[in-house]
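For the sequence shown, our numbering puts the final residue at 548, and the numbers step up evenly by one.
Remarks on the structure that follows.
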Amino acid sequence: MEIALNALLVRDPTVLALGEPSHAEPAFQQQRNQIFAALVDRGFRSIALETDRLAAFTIDDYVSGRAESVRTDDFSHGFGLLEGNRELIDWMRAYNESHAEPLTFHGFDTPLDITNAPSPRPYLRELCEYVAPERWNSIDALIGDDEPWDEVLDPALSIGASPEAMALRAATDDLIVALYASTPRLVAASSVSAWRRAAVCASTALGLLRYHAQIAAGGPDPLSRMAAVRDAWMAQNLLDIRVVEQHRGPTLVHTHNRHVQRHVGRMQMGGENLEWSSAGSILSSLLGERYALITGSLGASPRLRLGSPPPGTYEHALDALGSGLFGGTAVREVTSGKQARTDAPDYRYFPLDGEDLATTDAVLHVAAAPGEAPEPTATVSEAAAARAAALAARISTLPDVTALQAEYGSQAPESNWGNYFFFLGDDQYRPFATIVIRNMPGYDEESQLDRPDVVRLNLHVGRAEFERRFGFPPRELSAHRFDYTAVDELLPHPVYGNQGWMCVLNPDRTLPEVERLVALAHGNAVAREKRRTTA
């Protein structure tokens, strides 16, 4: 690794991007931690991960010693549950305790994913409090209720092109001008760090408004346009981070291969062939040789049920080199004439393709990841399966309900095998209820559904019912703590609670109230369908 790293650094890159073919294989987080430690010895002083940029300020407070603890949900997208991420920030904190020149943690991602783009309210509120408190009431009125901002899959229901959203976008732009125009006064009254946080609030609010506008635009290739907005936003975040870090050494960036690759991003999702400019292609165009790329490659992974790569594939050729970091020239020599593998059983894994190898500076290959393949039924007892089936039967009696169960051994993600999804009519994009019987590793584990007799019913009850039940709006969920392992207790959903979802494990005593909430969730779905058909 030392020789390959030194070769990468000959051109003095300011951004070294390290990709991985799947977030679900822990071996890449472990390798990243080793690489970052080696890079710190070579002058790197910062790392940027695929996690929400604003939330990452809290993680950096822990790394720098300004805070005594960090929560798993301070990482976005469920990445706080990854052991390698926790090990990274603990190592950075320990390093900073004994070195004068500190390491800094950054996030460069957005606060959204393909099914969730929140309201800009919290970001605009914080921005107004810093720049112009007197403007908040008028901006709050333009934002309105948070519920309509949840519509991210149907252009007809999206709020992104409404007159209020357009006015809000203009008002946000005015606030950004005020932020920069008032920089001397604001920094003198607070600090450079406080100003930079406000600037991130501003860019986040504007990015969300752009994203919602793309949702509302309709037309062909909606997912491609949404992916393009996200990666352009990522690239801008990384350029901003480099402004902060320019005098402190280069930055290591770690994310999925698809975000840092030099070529156009391509994938299939929702029946659409997506194509967009990746953040890496943008940075490479702007930074030139100051952008260096290590592409992640995986041979076999028990966790992903990925066997040894078939002969004739890129990964099979790399297996002959073993696990390690290899320069791009050597990689292209051994993979010449080979082809992409097609045996991947897990949708979360993206094998190498020819463009990856033609445009990368190096490859980090994990020939055989450690671990054992999980048994699909090991954490699901007959009692749990029967309980899930009984709940499913009750929900299925409601009018116009379509119930789907992910079958064992199907093409559905293994973490969904045995789970139930309930939709209104033919709308199979947005369920109003689900029943889950297993954890989603690295994303949804706080309910500990690996207990054999436990199932979880999830209900989209809406923001009003959520606030009535818990005494605070969903957007404030991160400020509250719950025991998500508690059985027969009505709880916020550990992942989607901020969108108005509730859950209950093994409902028994709570069944009468659960029946009411099921009816409410169904009624909300009926009302949403009426809005969609009349929009």
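Ideal Cβ positions, reconstructed from N, Cα and C, are used throughout, including at glycine.
Give the secondary structure of F436 by DSSP, where H, G and I count as helix, E and B as strand, and everything else as coil.
strand
DSSP on W289, reduced to helix/strand/coil?
strand
Excluding the five sequence neighbours on either side, which residues of its own chain have a C-beta within less than 6 angstroms of the C-beta of Q418, listed in chain order?
Excluding five sequence positions before and after Q418, the CB atoms of its chain that fall closer than 6 angstroms to its own CB belong to Y433, given in chain order.
Determine the direct distance from the alpha carbon of D253 to that of G293, and round the result to whole angstroms.
Distance between the alpha carbons of G293 and D253: 15 angstroms.
Just mark M14 as buried or exposed, buried being the case when its beta carbon has 16 or more other beta carbons within 10 Å.
exposed
Quickly, what does DSSP pair A61 with across the bridge? List them, please.
H119 and V266
Over what stretch of residues does the beta strand (DSSP E) that includes I307 continue unbroken?
Unbroken beta strand (DSSP E) run through I307: Y304 to A313.
Taking H225 and W289 to be in contact with their CB atoms under 8 angstroms, please state how far apart those CB atoms are, rounded to whole angstroms.
The beta-carbon separation of H225 and W289, rounded to 18 angstroms, does not stay under the 8 angstroms limit for a contact.
Rounded C-beta distance between L155 and E177? I'm assuming under 8 angstroms.
5 angstroms
Compute the distance between the beta-carbons of R210 and Q227, then report whether it is under 8 angstroms.
No Cβ-Cβ contact shorter than 8 angstroms links R210 with Q227.
May I ask which residues mark the beginning and end of the alpha helix (DSSP H) holding H225?
First-last of the alpha helix (DSSP H) with H225: V205 to A230.
Closer than 7 angstroms by C-beta to L490: which residues in its own chain qualify, once you throw out the five before and the five after it? Chain order, please.
P505, G510 and N511
In whole angstroms, what separates the C-alpha of P263 from that of I60?
9 angstroms
Measure the C-alpha to C-alpha separation of D87 and T217 and round it to an integer number of angstroms.
16 angstroms
Excluding the five sequence neighbours on either side, which residues of its own chain have a C-beta within less than 7 angstroms of the C-beta of A248, listed in chain order?
A292, I295 and L296
If you draw a straight line from the C-alpha of D463 to the C-alpha of V393, how long is it?
When the Cα atoms are used, D463 and V393 turn out to be separated by approximately 8 angstroms.
Taking the Cβ atom as the reference point for each residue, do N109 and G78 lie within a distance shorter than 8 angstroms?
yes
Let me check understanding here. Comparing Cα to Cα, which of E427, Q274, D25 and A446 lies closest to F436?
A446
Below 8 angstroms between beta carbons: does that hold for C214 and L62?
no
Whole angstroms is fine: what's the gap from A343's alpha carbon to Q352's?
17 angstroms
If you run the structure through DSSP and keep just helix, strand and coil, what is M453?
strand
Restricting to Cα atoms, I'd like to know which of R223, H473, N270 and A191 is closest to M515.
Looking only at R223, H473, N270 and A191, the smallest Cα-Cα distance to M515 is reached by H473.
Could I get the ranges of all uninterrupted beta strand (DSSP E) runs contained in the stretch 479 to 535, with 3 residues as the minimum, in chain order?
Complete beta strand (DSSP E) runs here, min 3: 514 to 518.
Consult DSSP for E33 and reduce its assignment to one of helix, strand or coil.
Strand at E33.
Counting only the same chain and skipping the five closest in sequence on each side, list residues whose C-beta sits under 6 angstroms from that of N429.
A419
Looking only at its chain, what residues have a beta carbon closer than 8 angstroms to the beta carbon of D374, apart from the 5 residues adjacent to it on each side?
L21, A305, L306, I307, G340 and G341
How is A416 classed by DSSP in three states: helix, strand or coil?
strand
Examine the Cβ distances between the stretch 525 to 544 and the stretch 403 to 416 and report whether three or more of them are shorter than 8 angstroms.
Note that the stretch 525 to 544 touches the stretch 403 to 416; at least 3 beta-carbon pairs, one per stretch, sit closer than 8 angstroms.
Output needed for L116: all residues of its chain with C-beta closer than 8 angstroms, excluding positions within five of it in sequence on either side, in chain order.
The beta carbon of L116 sits closer than 8 angstroms to those of V53, R58, S59, I60, V76, M105, Y108 and N109, all from its chain and outside the five residues before and after it, given in chain order.
Given a threshold of 16 other Cβ atoms within 10 Å of its Cβ, counted over all protein chains shown, does R354 qualify as buried or as exposed?
buried
Let me know the secondary structure DSSP gives F88 once reduced to three states.
coil
Counting Cβ pairs, one atom from each stretch, are 3 or more of them under 8 angstroms apart for the stretch 170 to 186 and the stretch 28 to 39?
no
With 16 as the cutoff for other CB atoms within 10 Å, does S423 come out buried or exposed?
exposed
Mind checking S82: buried by the 16 CB within 10 Å criterion, or exposed?
exposed
Output the distance between the C-alpha atoms of F363 and L319, rounded to the nearest integer angstrom.
11 angstroms
In the DSSP assignment, find the beta strand (DSSP E) that holds L560 and state where it starts and stops.
The first residue shown for the chain is 14 and the last is 548, placing residue 560 beyond what the model contains.
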